[in-house]
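Novice: Quick one: the structure is below, and I'll ask about it shortly.
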Amino acid sequence: VDLNNQYSSLFKWTGVKVDLGNWSINNKPINKQQEDQISKILVKKGEYCSSYFLSPDRLLEIKEASDDVGMDTNQALSLRKQLLVSKIIEATSKRLQININKIVKRYNNN
Numbered sequence: 380v381d382l383n384n385q386y387s388s389l390f391k392w393t394g395v396k397v398d399l400g401n402w403s404i405n406n407k408p409i410n411k412q413q414e415d416q417i418s419k420i421l422v423k424k425g426e427y428c429s430s431y432f433l434s435p436d437r438l439l440e441i442k443e444a445s446d447d448v449g450m451d452t453n454q455a456l457s458l459r460k461q462l463l464v465s466k467i468i469e470a471t472s473k474r475l476q477i478n479i480n481k482i483v484k485r486y487n488n489n
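Anchor point for the sequence shown: position 53 equals 432 in my numbering, and the numbering is continuous, going up by one each time.
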């Protein structure tokens, strides 16, 4: 590590090893077919909450589904977060497009 750069004051080596708990980097990528299969279970219609607000039964359902496709639960929750963000962006862009179309019609009519 080069400590002579401009960021050296931000990133100082402490010499202390940090225990990451049960965090695992042994996750394996899944193919598109598996992603499509689990996506239907990860995000349900009308569901916009983060993983912190899911019921224990819902978390168990996600865990079982992720195990079925060979995915770690944390990996599945991360994919769920990405899918929820995509869902919100898509819904917002549709609403914006509708509003833009209304504005264009009003402008063209005047």
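Here a beta-carbon is modelled for each residue, glycine too, at the ideal position from N, C-alpha and C.
Alpha carbon to alpha carbon, how far is A470 from K411? Give it in angstroms, no decimals.
Specialist: Roughly 23 angstroms between the two C-alpha positions.
Novice: What does the alpha-carbon distance come out to for the pair V464 and R474?
Specialist: So the two alpha carbons sit approximately 16 angstroms from each other.
Novice: In whole angstroms, what separates the C-alpha of G449 from that of R459?
Specialist: Each residue's alpha carbon lies about 15 angstroms from the other.
Novice: For the putative contact between S429 and L462, defined by C-beta atoms under 8 angstroms, what is the C-beta separation to the nearest angstrom?
Specialist: Actually they are not in contact, since the Cβ atoms of S429 and L462 sit about 12 angstroms apart, beyond 8 angstroms.
Novice: Comparing C-alpha positions only, which one of E426, I420 and I468 sits nearest to L439?
Specialist: Selected option, being the one with the closest Cα: I420.
Novice: For the alpha helix (DSSP H) containing D446, list its first residue and its last residue.
Specialist: It spans P435 to D447 - the alpha helix (DSSP H) in which D446 sits, taken as one unbroken run.
Novice: Of the residues Q454, E426 and D436, which one's Cα is nearest the Cα of Q413?
Specialist: The residue with the shortest Cα to Cα distance from Q413 is Q454.
Novice: Looking at the structure shown, is V483 part of a helix, part of a strand, or coil, going by DSSP?
Specialist: It is helical.
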